[in-house]
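Start counting the sequence shown at 2; every next residue gets the next number (my numbering).
Presented below is the structure to which this report refers.
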Amino acid sequence: MMKWIATLALCMFAPLFLPAQDNVLHWELSAKKNDNASYTITARITLAPGWHAYAQDDAGTGIEQLRLSWDNENITEDGSPVSPAPLTVADPVFDNRKLLVYKDGIIELSQKIKIQGNIPAALKIELKGFVSNDTEFLPVNEVQTVPLEGGMESSAAESITLKNVDLQHPVKPCGEAHAAGAGIFTIFLLGLGGGLIALLTPCVFPMVPVTVSFFTNRAANRSQAIKNGILYGFFILLIYVAASIPFHIIGNVQPEIFNNISTNAWLNVFFFIVFIIFAISFFGFFEITLPAGIAGKADAKSGLNSISGIFFMALTLVIVSFSCTGVILGTLLVGTAANGAWSLTAGMAGFGVALALPFALFAMFPNWLKSLPKSGGWLDTVKKILAFAELALAFKFLSNADLVEHWGLLKREVFIGIWIIVALGLAAYLFGWLRLPHDEKGQKIAPGRKIAGGIAILFAIYLIPGVTSSVYANLKLLSGFPPPLSYSIYGKENVKHKGVEPAVINDFEKAVELSKKEQKPILIDFTGWACVNCRKMEEQVWTKPEIAALLNEKFILVSLYVDDRKKLPAAERFTYTFKDGKRKEIITIGDKWATFQSENFGQVTQPLYAILNTSGELMTYPVGYTPDAKEYRDWLSCGINAYNAEK
């Protein structure tokens, strides 16, 4: 059994070595037309000597039969697949378990299919299964495209590019898109705030006086102590900033990757689980630490005898404090990932500065150490408050996955209800009504805890209207965190505070038709189900009466969701070729609109707003997140004036 588990585990990582399959398996694909909508797909597979492919599904081993498959809802199988007669062998890979296999040589698989609707010019076919010899075991997961006689080329690829958009010369030069610098500085401040919170955790705070005293007592003189402290702080900052370098590398490969990472459903589910685990750890039920060997190796090389020794002291701090800093840093990184590599660097830099600065300052002014509060029970209280915060944030990640995949699990009212329970739980803890691990029975509740508990109760009260369908359900202070108002258990028709509703969703061509019919400019809203700033714009800016009137009466508003994971109909999927020759498979709704945005407007962040006339000409510069309602209104008015001037 363990051998099978190990073999299948190896199988999970085998795609990293798929080039090795070229020497094991080769296949050619062909399609024969039977009648107008019927084709026979045939794969001629050549297996290297000594190898065999499995000809059965086997739950005991997890192997799957070698087969042809396709992801196309318009295709149905017409009869059973045709394959050669398999042989029964005692497979040494699975402890001589008897399995059906296709032996080496030529294997021919064919399947008759029927296609509903338009016949595409080509069809993507996937060959799936497993192959093995006496010692090696590999998955097969290869894709080829086969042309179909009588098929028609899809025109969907042509819909990506807007030929009349000129980003440098709009009709009126107003509303230039916000510079990324402002957002990066904000993210730096968020990182700084996260670092200051981490500084107050039990893993970091007690290290400050200990480390600074080490510097001052071991140094030859005060100037050396100051130098060591500053160098120590610098290395802490450097380590955190360096951790963002890989994101710059992958960002250069595909700019949209950060949006894909931050909105990936299964990655968000993973973070949901991780944050729940971290929250339970912060509650005190168990401790999460990195392997002791990692910290031990770093600590063995640390010391004040060299610059490298001080670097490894800084690295040791980063490692041993991970159990407290990791969850805060993870929240920051996941929350800013969609903004790109430089935003991640800014967040890491802010976090690093907050942790590094105290060590440098206290090394320069050691007398300040006397004013520091002593470590004690308050540190454990801070850690448990963070546990409640992480518990609430965990559901934000689950909500992201739910929204982009349309699961319908965490409607807005359910999400807010969970937050109310968490807020009341925090209040119960702070007032001493709820005891957690390491809490002493009958301990005196400090005034600070009572004040914090009162704030938690007030927060829970503030959230209550959010679970209703009343006009007070729009919790503006939390815009962007709960699901949108339209994602409700009451249904759209029963929600009294709907806000502005787009005329069209995920259909630019329909928006153009409406624009021509009603003689109104098109306002493109590049948005995302998991986009926090998009919800802030919709719930705090669009709801202003003067702006809502403009959006509803003067524009054809079309919202295009760049993170929508719903697959396009098979006839609308295609391969897009960029100007540099790179190719991208357009499979989902989000793939299409993310590419549409980056190709025509040169940006990959959301929200992004652009005003076009019926000919696709740009009326103004596109703008991004604009929390100033007057500024946004002026930009909309500028677009209307430009459109009217062009009539």
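A virtual CB, placed ideally from N, CA and C, is assigned to each residue, including glycine.
Keep in mind it's a predicted model, so treat the numbers as computed, not measured.
Applying the 10 Å Cβ sphere with the 16-neighbour rule, what's the burial state of residue i?
i, result
"F527", "buried"
"I465", "exposed"
"S309", "exposed"
"P608", "buried"
"K631", "exposed"
"G625", "buried"
"T649", "No answer is possible for residue 649: the residues shown for the chain start at 2 and end at 648."
"K397", "buried"
"L637", "buried"
"H53", "buried"
"P82", "exposed"
"D403", "buried"
"E78", "exposed"
"V254", "Low local confidence applies: a pLDDT of 49 at V254 is under 50, so the model's placement there is unreliable, with the coordinate-based value given in what follows. Flag for V254 reads exposed."
"L478", "exposed"
"E519", "exposed"
"P438", "exposed"
"M538", "buried"
"W530", "buried"
"N645", "exposed"
"P85", "exposed"
Mind reading off the beta-carbon distance from residue i to residue j? Whole number of angstroms is fine, and I expect it under 8 Å.
i, j, result
"A350", "F189", "6 Å"
"G433", "I446", "5 Å"
"V102", "A56", "6 Å"
"E1", "A571", "Because the chain here runs from 2 to 648, residue 1 falls outside it and cannot be looked at."
"V166", "L619", "5 Å"
"R45", "I107", "7 Å"
"K129", "E65", "7 Å"
"N642", "K173", "7 Å"
"P171", "T621", "5 Å"
"F352", "Y233", "The pair is not a contact, with the Cβ atoms about 16 Å apart (cut-off 8 Å)."
"K113", "S160", "Not quite, the Cβ-Cβ distance comes to about 33 Å (not below 8 Å), so this is no contact."
In the DSSP output, which residue or residues are listed as bridge partners for residue i?
i, result
"I114", "Y40, E78"
"M538", "Its beta-bridge partners do not exist; DSSP assigns none."
"W28", "I46"
"G529", "None, per the DSSP bridge assignment."
"E143", "L128"
"Y562", "T528"
"I588", "I588 is not bridged to any residue."
"T89", "L101"
"F138", "S133"
"I557", "I523"
"I64", "D59"
"M349", "BP columns for M349 are empty, so no partner."
"M153", "P121"
Is DSSP giving residue i helix, strand or coil here?
i, result
"I295", "Annotation note: pLDDT 48 at I295 (below 50); position unreliable, no value reported."
"H249", "helix"
"D72", "coil"
"G106", "strand"
"P16", "Its pLDDT being 44, under 50, P16 is placed unreliably by the model, and the measurement read from it follows with that caveat. Note: P16 maps to helix in three-state DSSP."
"R574", "coil"
"N475", "coil"
"N165", "coil"
"A183", "A caution first: A183 carries a pLDDT of 47, below 50, which makes its placement in the model too unreliable to give a value."
"S516", "helix"
"Y55", "strand"
"V624", "strand"
"I490", "coil"
"A122", "coil"
"P148", "strand"
"A611", "strand"
"V505", "strand"
"I446", "coil"
"L33", "A quick correction: the sequence has Lys, not Leu, at residue 33. In this structure, K33 counts as strand in the three-state DSSP scheme."
"V83", "strand"
"L619", "strand"
"K568", "strand"
"T202", "coil"
Taking only beta-carbon atoms, is residue i less than 7 Å away from chain C?
i, result
"L69", "The structure shown contains no chain C; it holds only a single protein chain."
Evaluate the contact criterion for the segment 131-141 versus the segment 588-598: three or more CB pairs, one atom per stretch, below 8 Å.
no
Contact between the segment 560-567 and the segment 392-409 (3+ Cβ pairs under 8 Å):
yes
Say whether the segment 78-98 touches the segment 530-547, bearing in mind that this needs 3 or more beta-carbon pairs closer than 8 Å, one atom from each stretch.
no
Would the segment 506-520 and the segment 546-557 be scored as touching if the rule is three or more Cβ pairs under 8 Å?
yes
May I ask you to verify whether the segment 582-592 touches the segment 421-431, counting CB pairs closer than 8 Å and requiring at least 3?
no
For the 8 Å Cβ check, are there 3 or more pairs between the segment 386-394 and the segment 275-286?
Touching, yes, given that three or more Cβ pairs across the two stretches are closer than 8 Å.
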